[in-house]
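Undergrad: Shown below is the structure under consideration.
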Amino acid sequence: MRAKWVRWIIGIAMVTVVGVLLFFLRGPITAAFARNDTAGHEETDGTAEKKQERRVLYWVDAMNPTRRYNKPGKAPDGMDLVPIYADENSSAEMSPNTLKIDPRKLQMIGVQYGTVGYGPLTKTVRTVGRVTYDETKIARIHTKVEGWIDKVFVDFTGKLVEKDQPLISIYSPDLLSTQQEFLIARKAKDYLGNSQIPDVASNANSLYDAARERLRLWDINDAQIQELETRGTPMRALTLESPVSGFVLTRNAFDKQRVTPDTELYTIADLSTVWVLADVYEYEVPMIQLGETAVMKLSYFPGRTYTGKVSYIYPQLDNATRTLKVRIEFPNPGFELKPDMYADIVLQVNFGKQLYVPEEAVLDSGNEQIVFVSQQAGYFEPRRVELGGRVDGKEIVLSGLRAGERIVVSGNFLVDSESRLKSAMGAMAGMPGMEKSGGKTPAPEQKKAGEKANPPPTHRH
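Those letters in the sequence shown? Residues 1 to 461, per this note's numbering, in order.
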């Protein structure tokens, strides 16, 4: 009887403890069941809503996404058409090649953006050059008569001479006899030039003009002829004067030297302008035009710059250095620029207003150049472009883009990889057997109850 009471008391105590625990835990338990029930309903409702929102815009051929179809079916190659949903391509006006990438993935691969620019472009071409003579201003002095040098007035190379400055005096028997003939013709003109007989007067004047012209052809100037007429007697030696101003480069005139018309007595170069021959690489030659402005600096004159113009582009390419000579003309009023000086040349090539993108934005596969255009948040269109050259880190765009468009300038290689991956997955999705069960291979059918399995094949010996 006592054991019965003990069991009864223990049962009452356990019921009381369970009741107290349920009383204190009823709130959390109710909330948990409410959350589970709400989550289940939300998930069900969200899935249904999502399925309801997935509207098919059109169907495409996975192997040729540029072709669109209005209804499902088979592609020309026998593969199933792949649907394009509204949540995958928010605008039916987008290109079929438009790619959507999750924003978190974009942040992970470090995509950065820029814009297509339009404006003036200039390229700086830096090279070296060598100062040389202006070949069009070099004079080679010869005498036109045979004789002997009586006196030398310019007696060393490098000397600066002015135009009409005496160079040498020369004694020539031929020149002496010509002077005598001229004086005789002058006297004949004085006596017979006013004759009443027309033929006599005409012949006297013609003889005088012919003798005077012969002296001129032998480089005897009008002042010397006038002096000869005033003196009335021939001069033993006549002076040869410089036809130009410049520096004496070579001298081959010495006292008592016999000279002939083929003897080059002096070479005189006018250095009021000089040429600079600059070496330009063959890929830079198409950028340079005649008349382009060039700036020159020399280490001999720190802080000073000289401005010139491109006057000629030589036709012959140096086979060893793969460079072409460009001739630049510089004024040299103070004769500071000396031949054979080395100089640093800067050419500013002006391309005018051009459409351009950063060179990092172009994905060059060799056969084509692609730029990814950002259309909306997470949507990218690969755009094929035609380029016109690279200018200081910028690519000139001839076609394929418009000014102001937002483009990818960093991470475009990974965007291209994502595009190719999705194209491959789309192609796999259209293959037979891959369109069901999320691409999983269906499980083999189960054998019916009571059906025996095929016995293993027996091997005959």
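C-beta atoms are modelled at their ideal positions from N, C-alpha and C, and glycine is treated no differently.
Mark Gly-78 as exposed unless 16 or more other C-beta atoms lie within 10 angstroms of its C-beta, in which case mark it buried.
TA: For the purposes of this step, residue 78 is identified with residue 78 of the sequence shown, where counting begins at 1. Exposed, since its Cβ has fewer than 16 Cβ neighbours within 10 Å.
Undergrad: By DSSP, does Pro-315 sit in helix, in strand, or in coil?
TA: Taking the first residue of the sequence shown as position 1, residue 315 is located at position 315. Reduced to three states, the DSSP call for Pro-315 is strand.
Undergrad: Would you give the residue range spanned by the beta strand (DSSP E) that Leu-240 belongs to?
TA: Numbered from 1 along the sequence shown, position 240 holds the residue referred to as residue 240. Residues 237-241.
Undergrad: Going by beta carbon distance, what residues of the same chain come within less than 6 angstroms of Lys-137, once the five residues before and after it are set aside?
TA: Taking the sequence shown and counting its residues from 1, one reaches residue 137 at position 137. Annotation for Lys-137: Asp-270 place their beta carbon closer than 6 angstroms to its own, counting only its chain and skipping 5 residues before and after.
Undergrad: Please go through the region 306-371 and give each complete beta strand (DSSP E) segment of 3 or more residues, from N-terminal end onward.
TA: 323-331 and 342-358
Undergrad: Mapping DSSP to helix, strand and coil, what is Val-200?
TA: The residue you call residue 200 lines up with position 200 of the sequence shown. Here Val-200 carries a helix assignment [DSSP, helix/strand/coil].
Undergrad: Given Lys-338, which residues of its chain have a CB within under 7 angstroms of its CB, disregarding the five upstream and five downstream residues?
TA: Residue numbering aside, residue 338 sits at position 338 when the sequence shown is read from its first letter. Non-local beta-carbon contacts of Lys-338 in its own chain, meaning distances under 7 angstroms to residues more than five positions away in sequence, involve Val-131 in chain order.
Undergrad: Nearest to His-142 by CA position, among Pro-261, Thr-115 and Leu-238, is which residue?
TA: The residue given as residue 142 occupies position 142 in the sequence shown. When each option's Cα is compared against that of His-142, the closest is Pro-261.
Undergrad: Quick one, are the C-beta atoms of Glu-336 and Thr-273 less than 8 angstroms apart?
TA: The residue you call residue 336 lines up with position 336 of the sequence shown. The residue you call residue 273 lines up with position 273 of the sequence shown. In this structure, Thr-273 does not lie closer than 8 angstroms to Glu-336 by Cβ.
Undergrad: Taking Cβ positions, are Val-152 and Ala-237 nearer each other than 8 angstroms?
TA: As a position in the sequence shown, residue 152 is number 152, starting the count at 1. As a position in the sequence shown, residue 237 is number 237, starting the count at 1. No, these two residues do not count as a Cβ contact at 8 angstroms.
Undergrad: According to DSSP, simplified to helix, strand and coil, what is Asp-80?
TA: Position 80 of the sequence shown holds residue 80. DSSP places Asp-80 in strand when its eight states are reduced to three.
Undergrad: Mind checking who Asp-222 pairs with in its DSSP beta bridge?
TA: Locating residue 222 in the sequence shown gives position 222, where the first residue counts as 1. DSSP, once it has assigned bridges, lists no residue as partnering Asp-222.
Undergrad: Name the two residues that bound the continuous alpha helix (DSSP H) containing Glu-181.
TA: In the sequence shown, residue 181 corresponds to position 181, counting from 1. Run containing Glu-181: 173-192, per the alpha helix (DSSP H) assignment.
Undergrad: Compute the Euclidean distance between the alpha carbons of Met-296 and Lys-100, then round it to the nearest angstrom.
TA: Taking the sequence shown and counting its residues from 1, one reaches residue 296 at position 296. Taking the sequence shown and counting its residues from 1, one reaches residue 100 at position 100. Approximately 53 angstroms between the Cα atoms of the pair.
Undergrad: For a test of the three-state rule: what should DSSP assign to Glu-264, helix, strand or coil?
TA: For the purposes of this step, residue 264 is identified with residue 264 of the sequence shown, where counting begins at 1. DSSP places Glu-264 in strand when its eight states are reduced to three.
Undergrad: Let me check understanding here. Comparing Cα to Cα, which of Pro-315, Arg-384 and Ala-185 lies closest to Leu-363?
TA: As a position in the sequence shown, residue 363 is number 363, starting the count at 1. For Leu-363, the nearest C-alpha among the options comes from Arg-384.
Undergrad: Pull up the distance between the alpha-carbon of Glu-368 and that of Gly-110, whole angstroms please.
TA: For this step, residue 368 is matched to residue 368 along the sequence shown. For this step, residue 110 is matched to residue 110 along the sequence shown. Roughly 24 angstroms separates the two Cα atoms.
Undergrad: From which residue to which residue does the beta strand (DSSP E) around Leu-130 run?
TA: As a working mapping, residue 130 is identified with position 130 in the sequence shown. Note on residue identity: the sequence assigns Arg, not Leu, to residue 130. Counting along the chain, the beta strand (DSSP E) containing Arg-130 begins and ends at 117-133.
Undergrad: By the 10 Å Cβ neighbour count, where 16 or more other Cβ atoms means buried, how is Leu-347 classified, buried or exposed?
TA: Locating residue 347 in the sequence shown gives position 347, counting from the first residue. With 16 or more Cβ atoms within 10 Å of its Cβ, Leu-347 is classed as buried.
Undergrad: How many Å lie between Ser-242 and Glu-264 at the Cα?
TA: Counting from 1 along the sequence shown, the entry for residue 242 is found at position 242. Counting from 1 along the sequence shown, the entry for residue 264 is found at position 264. About 13 angstroms.
Undergrad: Any idea which residues DSSP pairs Thr-273 with across the strands?
TA: As a first step, residue 273 must be located in the sequence shown, where it is residue number 273. In DSSP, Thr-273 forms a bridge with Pro-331.
Undergrad: Quick one: is Asp-222 buried, meaning 16 or more other Cβ sit within 10 Å of its Cβ, or exposed?
TA: Along the sequence shown, one-based indexing puts residue 222 at 222. Asp-222 should be labelled exposed.
Undergrad: How is Glu-162 classed by DSSP in three states: helix, strand or coil?
TA: Residue mapping note: residue 162 aligns to position 162 of the sequence shown, counting from 1. Residue state, collapsed to three classes: coil.
Undergrad: Would the beta-carbon of Ser-410 fall within 8 angstroms of that of Gln-107?
TA: In the sequence shown, residue 410 corresponds to position 410, counting from 1. In the sequence shown, residue 107 corresponds to position 107, counting from 1. No; because the gap between Cβ atoms is not below 8 angstroms, this pair is not in contact.
Undergrad: Could you tell me the alpha carbon to alpha carbon distance between Glu-227 and Thr-127, rounded to whole angstroms?
TA: Counting from 1 along the sequence shown, the entry for residue 227 is found at position 227. Counting from 1 along the sequence shown, the entry for residue 127 is found at position 127. Taking the straight line joining both Cα atoms gives about 56 angstroms.
Undergrad: Can you list the beta strand (DSSP E) stretches of 3 or more residues lying completely in the region 379-411, in chain order?
TA: 379-391, 394-399 and 406-410
Undergrad: DSSP three-state label for Asn-252, please.
TA: As a first step, residue 252 is located in the sequence shown; it is residue number 252 there, counting from the start. Asn-252: coil per DSSP, three-state reduction.
Undergrad: Can you tell which of Lys-256, Ser-202 and Asp-219 has its C-alpha closest to the C-alpha of Gly-166?
TA: Position 166 of the sequence shown, counted from the first residue, corresponds to residue 166. Per the sequence presented here, residue 166 reads as Pro, with Gly not at that position. Here the closest residue by C-alpha is Asp-219.
Undergrad: Per DSSP, what kind of secondary structure is Ala-150 in: helix, strand or coil?
TA: Locating residue 150 in the sequence shown gives position 150, counting from the first residue. According to the sequence shown, residue 150 is Asp rather than Ala. Residue state, collapsed to three classes: strand.
Undergrad: Pick helix, strand or coil for Thr-38, following the three-state DSSP scheme.
TA: Along the sequence shown, read from residue 1 onward, the residue named residue 38 stands at position 38. Low local confidence applies: a pLDDT of 45 at Thr-38 is under 50, so the model's placement there is unreliable, with the coordinate-based value given in what follows. Three-state result, Thr-38: helix.
Undergrad: For the beta strand (DSSP E) holding Met-296, just list the boundary residues, first then last.
TA: For the purposes of this step, residue 296 is taken as residue 296 along the sequence shown, with counting starting at 1. Boundaries of the beta strand (DSSP E) harbouring Met-296: 293-297, taken from the DSSP string.
Undergrad: Out of Gln-375, Gln-180 and Gly-352, which one is the CA nearest neighbour of Tyr-118?
TA: On the sequence shown, residue 118 is found 118 positions in, with the first residue counted as 1. Out of Gln-375, Gln-180 and Gly-352, Gly-352 has the C-alpha closest to the C-alpha of Tyr-118.
Undergrad: Taking only the alpha-carbon atoms, compute the straight-line gap between Val-248 and Ile-268 and give it to the nearest angstrom.
TA: Counted from its first residue, the sequence shown places residue 248 at position 248. Counted from its first residue, the sequence shown places residue 268 at position 268. For Val-248 and Ile-268, the distance between alpha carbons rounds to 4 angstroms.
Undergrad: Is it the case that the Cβ atoms of Ala-211 and Phe-182 are separated by a distance below 8 angstroms?
TA: Residue numbering aside, residue 211 sits at position 211 when the sequence shown is read from its first letter. Residue numbering aside, residue 182 sits at position 182 when the sequence shown is read from its first letter. A contact, by the Cβ cut-off of 8 angstroms.
Undergrad: Buried or exposed for Gln-375, going by 16 or more other Cβ atoms inside 10 Å?
TA: Within the sequence shown, the letter at position 375 stands for residue 375. Buried, since its Cβ has 16 or more Cβ neighbours within 10 Å.
Undergrad: What residues in its chain sit with their C-beta under 7 angstroms from that of Leu-160, if we drop five residues either side in the sequence?
TA: Position 160 of the sequence shown holds residue 160. Closer than 7 angstroms at Cβ, skipping near neighbours: Phe-247.
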